[in-house]
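As C-alpha cells, the structure follows; a few thoughts come after it.
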DNA sequence: CGTAAACATGTTTACGCAAACATTTCCTGG
DNA sequence: CCAGGAAATGTTTGCGTAAACATGTTTACG
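Residue numbers (my numbering), protein chains in the order written: chain R, 1 to 344; chain C, 345 to 688.
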C-alpha cells in the first residue's frame, strides 16, 4: 500500500511527453494532433504510436486558452419538467455534437430575475462561445436581465425581442388552428383552459390567439379557466367545466392539461367527443394514447431547436445574423377527441 | 460602417488590464478574484472598481489550465425521451450548480457500442473532472466500452458492475411491490406488459422480479407481453389482453405503457378497476390524472441523481469511493386503478 | 527606540498548446 | 553539378492565471 490515500491522479501526458518519446519537437506533435498536414508519413506514424502508448489527450483548456474558442455552447433553461424544452434540448445536443460542439447545461429552479442574471453571468464565465436561452417567463425579460454581450446568444420560447436573435414555434398560429378546427366542426364557441398566462409567454399568446379567433368569428368569449401547465390544473378546471351543460368544445393550452380535463369529464360521465370536444397543444408522445386519442397542435420542437443552434453557430463564426423573431409553423393533428357539434 | 464584417469581438479584459487600471500587480488582482484574503481593504476596493469598469471575468480556460481542474462534470445520456433520465439530469444540474460545477451534456441517439465509446472519449477530451453515465442498455456494457480511467465516473440505471461506482432505484423491489400489491388484493395472478427487456436493464429486472414474485407465491406465470417503453406498445399489448376474459390484473413496466393499456381496455369496454386492475411504474407527473388515476411505483429520481452527483463529487476530490451498486428504495403509490379481485 | 513578527504587495515561473518565424533537408531543372 | 525552392521539422513566444518565492511596510512589545 502506498502512503497516500485517495485515487492517485497521474499527470496526463502532454505534448512534450509525446514529443520526447517520439523523438520530435512538441510542434510536430501539435501538427499531428491537428490533422497531420505537413508531417512526413513515417514521422506521423511514430508520433501517433507515441500518443497511443502514452494515452495522450489534447488538453482542451490549453487549446481554448490559446485559441480563445471553446467549441462549446451554453444552454440556459428554466426547468426540465417541460416537454418542449426537453425535446429542443435534445435536438440542440445532437446538432451541437455533429458540429463538434459540447453543451454546457444550466437549469434554473426558481425563475427570479436575480437567478437568471446570475446564471447568465455564470455561463459568461464558463467556457462557452455562445448561449441559447430557453425561457418562457416573459415579464422577467422586461427587467434587469443583462445578456452577455461578449458572446452571441439566441432566445427560444420568449417574448419577441426586436434586438435579439430569437426562434419559436408560432403559438398564435397554433392556437388559431385549434380554435378554428372546433368552430369548423360547428361548435358555437370554444372554452379555454390556459397555462400560466402571467408568467409564460407561450401561455399568454395561446390565450390571446384563442380570444381574437373567437372575436373575429363573432363568437362569445367564455370565461377563462386554468392557470398552470400541469394536468392537475387541467383536472381542476375540468371539474368546473363539467358542472355546466352548455359546453361543447374545450381548447387546452397543452396536452397535460387536456389529460386532466379528460379525466374530469370521464368522472362526470360526459362523453368525449360525443358530448364535448377536447383539443390539446404540443402533441406529446402520449397524446395519441389518451382516451380518447387527443386532437392537438403539433409544435415542431426539433425544427426550433435546430434553427436556434444553426443561428447561434453562424453568429459564433462571426457571421452577421439579423436580430428578430423566427417563427416555425405548427400543425393540427386531428384524432378522436374532437367531433361535430350536436344539439342536445 | 466599418470595413470588417461580422460581430467585432473585443478581447475581454485580463488580469493584467485590471492590474494596470488599478495600479497594482496582476497577482493582487488574482488574490481579489479568489476571495480577497491578504489584500488591504482600500486596495481591494480599487481592484474591484477596476474589475467592474472593465467588465472583467476570470478566464476559466486559463484557470483550468493552471489548476488542472475544470469544475465541470460530463453527463452522458442515451436519450432525452425518458422521464426518469430527465428528472435525474435535472437534479444533477441543480446539485452541480450548487457546488459550482457546470454540466457538460452529451446525448446519444443511436446506442451502438461505437457511438458510446466515441462519446465517452469525446467527454474524456472535454474539460470535465468526472462523468455520470445514464445508460439503460445493459448488454452493450458487456462489450467493448472503454471507460476513461483518467477521471472518475458514476453509472446510473445500468447493470450492476462490481468494479464501478453505480447508483439506481431498486427495480426489483419496485416490481415486487407492484405484483405483491395485486396479489394482496386477491388476484389469482398478474400479467406483465414489459419494456424492452433485450436492451434495457431496468426492463429486464422488472420482468425478472415480476416472475420470481409470482413463482414464490406459487402462482402461474402468464405469457409475457409488450417489449417497448412507449404507450403505443402498451396499447398494442392492451388490445391483446382485452381479448381474453380471464385477466384481472396487469403490471405495466412503466406509466406510459399503462396509459396505452388503459386506452385499450376502455375501447374494449372493460372497466378499471372493477374488471381489471392496472398498475404502472415511475409515478410520472401525469399518472395521478390518468383515467382512472394510476396506482404505480414511485422511483425517487431526485435521490438517485443527487447521490450519483455526490459520489462523483467525492471521487473527484480524491476521496476513495468503494465501487459497487447503491440501491435507492421505491415506494408504492396506491390510487384508483387497482382494486380487489371479484369473481364473475 | 529597536527589532522581530505579521501583513501587504510585487516578481518569477509554469501550466499545455499552437501561431509565427527560423532552420534544415531534399528534390528539381538548367 | 549547383542554384532555387518546396517540404519537413525545430525554436521562440505568449495566451491568462495562480503558486511559490521575494521584497517592502507596518505593528507590537520589551
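Where is the CB? At the ideal position from N, CA and C, for every residue including glycine.
With a Cβ-Cβ cutoff of 7 Å, do residue i and residue j count as a contact?
i, j, result
"residue 521 (chain C)", "residue 549 (chain C)", "no"
"residue 564 (chain C)", "residue 535 (chain C)", "no"
"residue 676 (chain C)", "residue 525 (chain C)", "yes"
"residue 478 (chain C)", "residue 501 (chain C)", "yes"
"residue 369 (chain C)", "residue 360 (chain C)", "no"
"residue 384 (chain C)", "residue 366 (chain C)", "no"
"residue 627 (chain C)", "residue 427 (chain C)", "no"
"residue 250 (chain R)", "residue 338 (chain R)", "no"
"residue 523 (chain C)", "residue 557 (chain C)", "yes"
"residue 603 (chain C)", "residue 71 (chain R)", "no"
"residue 451 (chain C)", "residue 93 (chain R)", "yes"
"residue 431 (chain C)", "residue 645 (chain C)", "yes"
"residue 409 (chain C)", "residue 61 (chain R)", "yes"
"residue 373 (chain C)", "residue 388 (chain C)", "no"
"residue 285 (chain R)", "residue 95 (chain R)", "no"
"residue 639 (chain C)", "residue 678 (chain C)", "yes"
"residue 429 (chain C)", "residue 421 (chain C)", "yes"
Just reading off the beta strand (DSSP E) that residue i is part of, what are its end residues?
i, result
"residue 677 (chain C)", "675–677"
"residue 317 (chain R)", "Note, residue 317 (chain R): premise wrong, no beta strand (DSSP E); not H, not E."
"residue 57 (chain R)", "Element bounds for residue 57 (chain R): n/a, residue is neither H nor E."
"residue 221 (chain R)", "No beta strand (DSSP E) holds residue 221 (chain R); DSSP gives it neither H nor E."
"residue 326 (chain R)", "324–328"
"residue 364 (chain C)", "Residue 364 (chain C) -> not in any beta strand (DSSP E); alpha helix (DSSP H) instead, spanning 359–366."
"residue 103 (chain R)", "102–107"
Along the alpha helix (DSSP H) that carries residue i, what are the first and last residues, could you check?
i, result
"residue 373 (chain C)", "370–377"
"residue 131 (chain R)", "Segment 130–134 is the beta strand (DSSP E) holding residue 131 (chain R); no alpha helix (DSSP H) there."
"residue 73 (chain R)", "Segment 72–77 is the beta strand (DSSP E) holding residue 73 (chain R); no alpha helix (DSSP H) there."
"residue 433 (chain C)", "427–442"
To which residues of the same chain is residue i closer than 7 Å at the C-beta, ignoring the five residues directly before and after it?
i, result
"residue 574 (chain C)", "600"
"residue 237 (chain R)", "193, 225, 226 and 261"
"residue 336 (chain R)", "273, 292 and 293"
"residue 13 (chain R)", "54, 55 and 56"
"residue 242 (chain R)", "264, 265, 268 and 270"
"residue 329 (chain R)", "170 and 173"
"residue 247 (chain R)", "191, 241 and 276"
Report the neighbours of residue i on chain C: residues whose CB is nearer than 9 Å to its CB, in chain order.
i, result
"residue 262 (chain R)", "633 and 635"
"residue 294 (chain R)", "By Cβ distance, chain C contributes nothing, its closest Cβ being about 11 Å from residue 294 (chain R), past 9 Å."
"residue 281 (chain R)", "Near residue 281 (chain R) there are no residues of chain C at all, since even the closest Cβ is about 15 Å away, more than 9 Å."
"residue 50 (chain R)", "Those within 9 Å of residue 50 (chain R) in chain C number zero; the least Cβ separation is about 17 Å."
"residue 30 (chain R)", "None at all; the shortest Cβ gap to chain C is about 15 Å."
Give every residue of the same chain whose Cβ lies closer than 6 Å to the Cβ of residue i, excluding the five residues on either side of it in the sequence, and list them in chain order.
i, result
"residue 164 (chain R)", "155 and 323"
"residue 354 (chain R)", "This structure cannot settle anything about residue 354 (chain R), because the visible part of chain R is limited to 1 through 344."
"residue 184 (chain R)", "none"
"residue 105 (chain R)", "75"
"residue 7 (chain R)", "The predicted position of residue 7 (chain R) is uncertain, since its pLDDT is 41 and thus under 50; a value taken from the coordinates is nonetheless stated next. The answer is none, since no qualifying residue turns up."
"residue 195 (chain R)", "203, 229 and 253"
Could you name the residues of chain R that residue i contacts, counting a contact when the two beta carbons are closer than 7 Å?
i, result
"residue 579 (chain C)", "289"
"residue 669 (chain C)", "Within 7 Å Cβ-Cβ: nothing; residue 669 (chain C) doesn't reach chain R, min ~19 Å."
"residue 434 (chain C)", "80 and 107"
"residue 592 (chain C)", "Under the 7 Å cutoff, chain R gives no residues; its nearest Cβ is about 20 Å from residue 592 (chain C)."
"residue 408 (chain C)", "61"
"residue 610 (chain C)", "291"
Whose Cβ in chain R lies nearer than 8 Å to the Cβ of residue i?
i, result
"residue 437 (chain C)", "80, 105, 106 and 107"
"residue 536 (chain C)", "What residue 536 (chain C) touches in chain R: nothing, since even the nearest Cβ is about 19 Å away."
Residues of chain C with a CB under 8 Å from the CB of residue i: which are they?
i, result
"residue 336 (chain R)", "Simply none; closest approach about 10 Å."
"residue 232 (chain R)", "632 and 633"
Counting only Cβ pairs nearer than 9 Å, list the residues of chain R close to residue i.
i, result
"residue 600 (chain C)", "285, 286 and 289"
Closer than 7 Å by beta-carbon distance: list the chain C residues that pair up with residue i, in chain order.
i, result
"residue 97 (chain R)", "450"
Leaving out five residues on either side along the sequence, give the residues of the same chain with a beta carbon under 8 Å from the beta carbon of residue i.
i, result
"residue 69 (chain R)", "129"
>> I'd like the ranges of any alpha helix (DSSP H) spanning at least 4 consecutive residues and lying wholly in the segment 568–651 of chain C.
In response: 575–586 and 599–611
>> Threshold first: 4 residues or longer. Then list the alpha helix (DSSP H) segments lying entirely within the segment 143–202 of chain R, N to C.
In response: For the segment 143–202 of chain R, the continuous alpha helix (DSSP H) assignments of 4+ residues that do not extend past its boundaries occur at 171–184, in sequence order.
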